[in-house]
Amino acid sequence: MGKVKIGIIGTGSISNMHMAGYTRLKNVEVVAACDISEERVKEFAKTYNIPNTFTDYNEMLKMTEIEAVSVTAWNNIHAPASIAALNAGKHVLCEKPLALNAAQAGEMVEAAKKSGKILMVGFCRRFGDNTVALKNIIDNGDLGNIYYAKAGCLRRWGNPGGWFSDKQRSGGGPVIDLGVHMIDLIRYLSGKPKVVSVTASAFHHMGMKPEVKGIQKYNSADYSEYNDVEDCAASLIKFDNGMTLFFETSWVQNRKEDRLYLELFGDKAGAKMEPEFELYENKYDYLRDSKPLLDPNGSSFEHNFIQEIKHFISCIADGEECLNPAEDGLELMKIIDAIYKSAETGHEVIIN
Ligand SMILES: NC(=O)c1ccc[n+]([C@@H]2O[C@H](COP(=O)([O-])OP(=O)(O)OC[C@H]3O[C@@H](n4cnc5c(N)ncnc54)[C@H](O)[C@@H]3O)[C@@H](O)[C@H]2O)c1
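Residue numbering for the sequence shown is 2 to 353, as defined by the numbering used here.
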């Protein structure tokens, strides 16, 4: 069999992580790259030795040899580029969030069904060793019935600016950027329940504060200080399996330090996956904490991407079942839409 030929749409920072995956696979060749910035796509092509460059993805999609694409552009490009690629007969790995909202995500799912091609959503954290280990523990019934979960991804001062803080291009702030990973992990680990209701608040009190000194800041590639998205948000999300999730996130908040946490509470045991992996249970009338030994590099950012890309190619080349189908991205967009709607209206949003 020949190599799987790939095109990249969007050659900013995260496309390098996709390349970390593709370049490790012997049965893959990245043959084209596209970015609206000609300078950036040329530089990218030079770094990775990619023979064809484009500034319009519709032109790139005319290359019949391309079998699959990575969509690694701004969030507002995910739906139009993925749909165009699917209609051109290409498989698609689309970065998270799947789209700006559930309506767009629904159109993407439909386009995938019509084309018969794979539309995979980039929930890369599902491929971390910690997620794989905890999912195995949960699937074996060790936690029992999971009725409550808590997850948070909180930054003290981390609004990247540029397209990230421009709602038209991003769809929102930390909820849609960081929240998709955390809420997806909880859903994925607990058996993909469907959302039934959401109550949320989002806050817009802090802004970018570019004048703050003395800290290291991550700025987006095309940095600007335009900012019309939330600084932080908190939400209570209920699912059809009876589980309730408390979720909070921030890009900017007056807090001591950044914090990442993810906890699941079952009637047989509880589990913490972040910031470290621990299990809590009652064994022979004593409370017991335990800790599986995991490869310290097995859940790194790069590792997760390498595994994700490997899986995408296995789906194409070996017919493996896609672990991250677009339907999961759509379910997440329903939750994100409901968080923003509840925050805006001040009322609970019921989803059927
Ligand atoms: N899975 C993860 O953990 C993770 C991490 C970071 C970013 N992301 C996602 O990856 C995507 C890109 O983020 P980034 O940090 O690389 O941003 P970035 O700004 O560094 O890169 C985005 C690139 O897309 C290009 N672009 C915009 N419109 C385009 C179009 N019509 N055609 C082709 N290229 C276009 C921009 O010029 C830019 O070079 C976002 O959707 C983001 O949410 C995912």
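Where is the CB? At the ideal position from N, CA and C, for every residue including glycine.
A quick note: this is a predicted structure, and the numbers were derived from the prediction, not measured.
Sequence-distant residues of the same chain with beta carbon closer than 6 Å to residue i, five excluded per side
{"i": "Ile10", "result": "Cys35, Tyr58, Val70, Val72, Ala74 and Ala82"}
{"i": "Arg127", "result": "Tyr189"}
{"i": "Glu68", "result": "Val5 and Lys6"}
{"i": "Gly163", "result": "Ser221, Asp223, Tyr224 and Ser225"}
{"i": "His79", "result": "Val72, Cys95 and Ala100"}
{"i": "Ile177", "result": "Pro98 and Ile337"}
{"i": "Gly180", "result": "Thr250"}
{"i": "Ile51", "result": "Val31 and Ala34"}
{"i": "Gly22", "result": "Phe306, Ile307 and Ile310"}
{"i": "Arg170", "result": "Trp75, Asn77 and Trp164"}
{"i": "Tyr149", "result": "Thr245 and Phe266"}
{"i": "Asn160", "result": "Ser166, Met209, Trp252 and Val253"}
{"i": "Asn242", "result": "Pro194"}
{"i": "Cys154", "result": "Leu179, Met183, Thr250 and Leu261"}
Buried versus exposed call for residue i [16 or more other C-beta atoms within 10 Å across all chains shown]
{"i": "Arg25", "result": "exposed"}
{"i": "Tyr341", "result": "buried"}
{"i": "Ala222", "result": "exposed"}
{"i": "Tyr287", "result": "exposed"}
{"i": "Gly347", "result": "exposed"}
{"i": "Ser14", "result": "exposed"}
{"i": "Thr373", "result": "Only positions 2 to 353 of the chain appear in the structure, and residue 373 is not among them; the question remains open."}
{"i": "Arg289", "result": "exposed"}
{"i": "Ser301", "result": "exposed"}
{"i": "Gly192", "result": "exposed"}
{"i": "Gln254", "result": "buried"}
{"i": "Gly41", "result": "A small fix is needed here, since residue 41 is Arg in this sequence, not Gly. Looking at its Cβ environment, which holds 16 or more other Cβ atoms inside 10 Å, Arg41 is buried."}
{"i": "His92", "result": "buried"}
{"i": "Asp167", "result": "buried"}
{"i": "Arg256", "result": "exposed"}
{"i": "Ser291", "result": "exposed"}
{"i": "Glu332", "result": "buried"}
{"i": "His206", "result": "exposed"}
{"i": "Ile351", "result": "exposed"}
{"i": "Pro276", "result": "exposed"}
{"i": "Lys115", "result": "exposed"}
First through last residue of the beta strand (DSSP E) which encompasses residue i
{"i": "Thr245", "result": "Thr245 to Ser251"}
{"i": "Ile7", "result": "Val5 to Ile10"}
{"i": "Ala203", "result": "Val196 to Phe204"}
{"i": "Glu30", "result": "Val29 to Cys35"}
{"i": "Leu237", "result": "Cys233 to Phe240"}
{"i": "Phe55", "result": "Asn53 to Phe55"}
Close-in-space but distant-in-sequence residues of the same chain around residue i (CB under 7 Å, 5 per side omitted)
{"i": "Gly123", "result": "Leu94, Cys95, Glu96, Lys97 and Glu309"}
{"i": "Glu334", "result": "Looking at the sequence itself, residue 334 is Met, so the reference to Glu does not match. Counting only Cβ-Cβ distances below 7 Å, and skipping sequence neighbours, we find Pro98, Leu99, Ala100, Asn102, Ala103 and Ala106."}
{"i": "Asn305", "result": "Cys125, Arg126, Phe128 and Gly129"}
{"i": "Thr200", "result": "Ser236, Leu237, Ser343 and Glu349"}
{"i": "Phe313", "result": "Leu94 and Met121"}
{"i": "Val320", "result": "The identity of residue 320 in the sequence shown is Gly, whereas the question assumes Val. No residues qualify anywhere along the chain."}
{"i": "Tyr227", "result": "Ser166 and Asp167"}
Span of the alpha helix (DSSP H), counted from its first residue to its last, around residue i
{"i": "Val42", "result": "Glu39 to Tyr49"}
{"i": "Val181", "result": "Val181 to Leu190"}
{"i": "Asn17", "result": "Ser16 to Tyr23"}
{"i": "Ser171", "result": "Lys168 to Ser171"}
{"i": "Asn59", "result": "Tyr58 to Met61"}
Close-in-space but distant-in-sequence residues of the same chain around residue i (CB under 8 Å, 5 per side omitted)
{"i": "Glu328", "result": "Val110"}
{"i": "Phe204", "result": "Glu231, Asp232, Cys233 and Ala234"}
{"i": "Gly271", "result": "Leu144, Glu264, Leu265, Leu280, Tyr281 and Glu282"}
{"i": "Leu295", "result": "Asp130, Asn131, Ala134 and Phe278"}
{"i": "Ala85", "result": "Tyr58, Asn59 and Leu62"}
Distance cut-off 8 Å: residue i Cβ against heavy atoms of ligand 3
{"i": "Ser202", "result": "Questions concerning ligand 3 fall outside what the structure shown contains, since the ligands it does hold are ligand 1."}
CB contact check: residue i to chain B, cutoff 9 Å
{"i": "Ala201", "result": "In the structure shown, chain B does not exist; there is a single protein chain."}
* alpha helix (DSSP H) runs wholly inside the stretch 268–352, at least 4 long, in chain order -> Given a length threshold of 4 residues, each whole run of the alpha helix (DSSP H) inside the stretch 268–352 is given here in chain order: 302–319 and 327–346.
* Length at least 4, wholly inside the stretch 70–106: the alpha helix (DSSP H) runs in chain order -> When DSSP assignments are scanned along the stretch 70–106, the uninterrupted stretches of alpha helix (DSSP H) that are 4 or more residues long and fall wholly within it turn out to be 76–88.
* To do: Report the residue ranges of all beta strand (DSSP E) runs contained in full by the stretch 103–150; include only those spanning at least 3 residues, in chain order.
  => Scanning the stretch 103–150 from its first residue to its last, the whole beta strand (DSSP E) runs of 3-plus residues come out as 120–123.
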